[in-house]
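One structure below.
Numbering (the UniProt record's numbering), first residue to last: 1 to 111.
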């Protein structure tokens with residue numbers, strides 16, 4: 001027990017709190033924006049003619065998400081909802097509907 005405590009205290013305090021990077025890599029702050037992880041994770045639920053998308057953005061970059069609905073009937077107008085910003089660690093709910101059946105629904109992402 002004493003050896004484990006001694007080893008814990010012997011490690012510099014800032015060494016344990018930083019992520020180790022291999023030679024030739026850079027810190028996350030210096031990674032170009034196009035290579036950083038991006039995009040809210042979304043779950044789409046269709047209930048009859050109603051569609052709801054639940055999205056959560058786990059990343060520090062904001063994601064502008066939009067709900068798109070394709071209706072099954074030829075006379076039923078498809079819908080492209082307005083884009084909503086999902087900020088870092090933010091949950092967003094998007095809703096839409098068709099008059100009758102829903103053929104498909106999806107969420108698009110934009111930086």
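Built from N, CA and C at the ideal position, the CB exists for glycine as well.
In whole angstroms, give me the CA-to-CA distance for residue i and residue j.
i           : j           : result
residue 106 : residue 72  : 14 Å
residue 81  : residue 30  : 34 Å
residue 44  : residue 51  : 7 Å
residue 77  : residue 70  : 8 Å
residue 64  : residue 36  : 16 Å
residue 103 : residue 48  : 11 Å
residue 110 : residue 101 : 28 Å
residue 24  : residue 32  : Because residue 24 carries a pLDDT of 49, less than 50, the predicted location of this residue cannot be relied on, and no value is offered for it.
residue 62  : residue 98  : 29 Å
Which same chain residues, not among the five before or five after residue i, have their C-beta less than 6 Å away from its C-beta?
i          : result
residue 60 : 88
residue 42 : 53, 55, 107
residue 92 : 55, 84, 86
Specify, as a first and last residue, the run of the beta strand (DSSP E) that residue i falls within.
i           : result
residue 63  : 63-71
residue 112 : Any answer about residue 112 is impossible in this case: the structure gives the chain only from 1 up to 111.
residue 98  : Neither: residue 98 is in no beta strand (DSSP E) and is coded neither H nor E.
residue 54  : 50-57
residue 86  : 84-86
Since residue i and residue j should fall inside the 8 Å C-beta cutoff, what is the C-beta to C-beta distance between them, to a whole number of angstroms?
i          : j          : result
residue 86 : residue 67 : Going by Cβ atoms, the distance from residue 86 to residue 67 rounds to 12 Å, so no, they are not a contact pair.
Among residues of its own chain, excluding the 5 on either side of residue i, which ones have a beta-carbon nearer than 7 Å to its beta-carbon?
i          : result
residue 96 : 51, 67, 69, 79, 81
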